[in-house]
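*Asks:* I am attaching a structure below and will ask some questions about it afterwards.
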Ligand code: FNR
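Numbering (the UniProt record's numbering), first residue to last: 3 to 185.
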């Protein structure tokens with residue numbers, strides 16, 4: 003039975019580099035992992051008033067995350083932080099208070115950007131939230147994919163360089179998830 007990995011992509015656009023990263027990771031993942039992209043673009047902005055009576059989309063999202071063995075965040079950088087859509091999903095999963103569906107799960111973060119920095123700022127802002135939510139985020143290999151549009155050919159397939167980087171990341175992530183025991 004492969005580990006069920008909920009993959010969250012922080013970009014909503016069709017030609018997203020980060021979605022290409024997620025799709026490439028699905029193909030490159032070892033047999034022990036099944037990566038499923040969980041959509042977040044339809045989730046209304048988090049509002050605490052919904053905690054008692056949540057929209058169905060929140061209920062379904064929380065159920066999907068709760069059922070997963072682990073989470074993998076694939077994030078672009080917007081203004082040196084994670085995109086609002088990503089933060090919205092993180093917040094929705096974290097509430098109602100004490101009912102967070104993130105609690106105690108292993109996780110990983112990978113970021114991609116056309117800039118040289120590879121979304122470093124977003125990657126680490128996201129990690130800050132994951133600490134608060136008691137998600138156990140793989141520390142290494144840190145993977146900030148810079149000039150990332152060059153990592154895919156026109157058909158969306160990863161180049162050889164990309165393949166090596168992504169293989170290294172997802173191999174380590176598979177070990178992180180397989181060996182994970184909640185303290
Ligand atoms: C960006 N972009 C960007 N890039 C970056 O490296 N650091 C940044 O702070 C920002 N800020 C930023 C803000 C906003 C509002 C937008 C729309 C874009 C550029 C961004 O990396 C680029 O659009 C990527 O292609 C987004 O990722 P996807 O959609 O390709 O996955």
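Even for Gly, the Cβ is constructed at its ideal location relative to N, Cα and C.
List the endpoints of the continuous beta strand (DSSP E) containing residue 110.
*Replies:* It spans 108-114 - the beta strand (DSSP E) in which residue 110 sits, taken as one unbroken run.
*Asks:* Quick one, which of 114, 49, 112 has its alpha-carbon nearest residue 97's?
*Replies:* The shortest Cα separation from residue 97 among 114, 49, 112 belongs to 49.
*Asks:* Taking 5 angstroms as the limit, tell me which residues put their C-beta closer than that to any heavy atom of the ligand FNR, in chain order.
*Replies:* This selection yields 13, 15, 18, 19, 20, 78, 79, 80, 81, 82, 115, 117.
*Asks:* My understanding is that residue 1 touches residue 74, with C-beta atoms under 8 angstroms, so please give their C-beta distance in whole angstroms.
*Replies:* This structure does not reach residue 1, given that the chain is present from 3 up to 185, and the question cannot be answered.
*Asks:* Give, in chain order, every unbroken run of the alpha helix (DSSP H) that is at least 4 residues long and sits entirely within the region 115-166.
*Replies:* For the region 115-166, whole alpha helix (DSSP H) runs of length 4 or above, ordered along the chain, are 122-134.
*Asks:* Where residue 164 and residue 54 are concerned, what is the direct C-alpha to C-alpha distance, given to the nearest angstrom?
*Replies:* Taking the straight line joining both Cα atoms gives about 44 angstroms.
*Asks:* Where residue 153 and residue 51 are concerned, what is the direct C-alpha to C-alpha distance, given to the nearest angstrom?
*Replies:* Straight-line Cα distance between these residues: approximately 43 angstroms.
*Asks:* Going by DSSP, name the residue or residues bridged to residue 39.
*Replies:* Answer is 9, bridged to residue 39.
*Asks:* In terms of residue numbering, what span does the beta strand (DSSP E) encompassing residue 31 cover?
*Replies:* Segment: none, residue 31 is in no beta strand (DSSP E) and carries neither H nor E.
*Asks:* To the nearest whole angstrom, what separates the beta carbons of residue 19 and residue 87, a pair I think is in contact under 8 angstroms?
*Replies:* Not a contact, Cβ separation roughly 15 angstroms.
*Asks:* Go through the region 67-96 residue by residue and report every complete run of the alpha helix (DSSP H) that reaches 4 residues or more, in order.
*Replies:* 86-96, all fully within the region 67-96.
*Asks:* For a test of the three-state rule: what should DSSP assign to residue 63, helix, strand or coil?
*Replies:* In the structure shown, residue 63 sits in a helix (DSSP, three-state: H, G or I).
*Asks:* Express the C-alpha separation of residue 171 and residue 27 in angstroms, rounding to a whole number.
*Replies:* In a straight line, the C-alpha of residue 27 is about 9 angstroms away from that of residue 171.
*Asks:* Using the C-alpha atoms, what's the distance from residue 29 back to residue 4?
*Replies:* Taking the straight line from one Cα to the other gives about 14 angstroms.
*Asks:* What does a CB cutoff of less than 8 angstroms around residue 1 pick up in its chain, not counting 5 residues either side in sequence?
*Replies:* Because the chain here runs from 3 to 185, residue 1 falls outside it and cannot be looked at.
*Asks:* If the criterion is Cβ atoms closer than 9 angstroms, does the pair residue 39 and residue 10 meet it?
*Replies:* In contact: residue 39 and residue 10 (Cβ atoms closer than 9 angstroms).
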